[in-house]
Amino acid sequence: MTTRQMTDTELAGQPAAYWTGVAYEALIAFTRARQAEKGYTQPQFWLLRNLSANDISPDGEGMTLPELREAMRSYIRPEDDLAAESAVLVERGWLRRDADDRLWLTEEGEQARVDLARNAPAIRAALHEGIDDADYVTTLKVLHRLIRNAGGTMP
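Okay, so the sequence shown: first residue is 13 according to my numbering, each after it adds one.
So, in structure tokens, the structure goes:
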């Protein structure tokens, strides 16, 4: 199937919401496929990150699944099953569950988080192939402006 290149005038008339949705789905699918090739899922990585005092967690304290869902509310997807994902990490010894049903990062889990984070630069490099940093920055600035124009807030 051949895709016709649109002119700049045609592109200027395209709906940003449609294209940002297409981009989001493609980027998530690509990222998750690369992570799956390495034996882990994006939600598993997020769990490790959210429980690590060396990453997203402000204090390294354990959290319940509802607390973790709330912490991840801006990026978790509807199909992400944190209960199942955390069970896998408990089985691997990367998380432990206490008597209050809070999940805690183990030493092995912290090492896994560090090891898994090493995959991010290669994923980013593949996604950014052929895109110079200046164009990327311009794209993000345009997206930020679209968000503000739509009345949205920046994280």
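The C-beta atom is built at its ideal place from N, Cα and C for all residues, glycine as well.
Drop a sphere of 10 angstroms on the beta-carbon of residue i, count the other beta-carbons inside from all chains shown, and report buried for 16 or more, exposed for fewer.
i	result
residue 56	buried
residue 26	exposed
residue 94	buried
residue 31	exposed
residue 24	exposed
residue 52	buried
residue 22	exposed
Do you know whose CA, among the options, lies nearest residue i's CA?
i	options	result
residue 126	147, 153, 35, 58	58
residue 108	93, 75, 25	75
residue 101	110, 85, 121, 112	121
residue 89	36, 164, 154, 163	36
residue 77	85, 47, 45, 115	115
residue 83	159, 130, 105, 60	60
residue 91	153, 41, 67	41
Pick helix, strand or coil for residue i, following the three-state DSSP scheme.
i	result
residue 116	strand
residue 81	helix
residue 125	helix
residue 16	coil
residue 108	strand
For this session: Evaluate contact between the segment 39 to 54 and the segment 123 to 140, counting only Cβ atoms and requiring at least three cross-stretch pairs below 8 Å.
Result: In short, these stretches touch, since the Cβ pair count reaches three.
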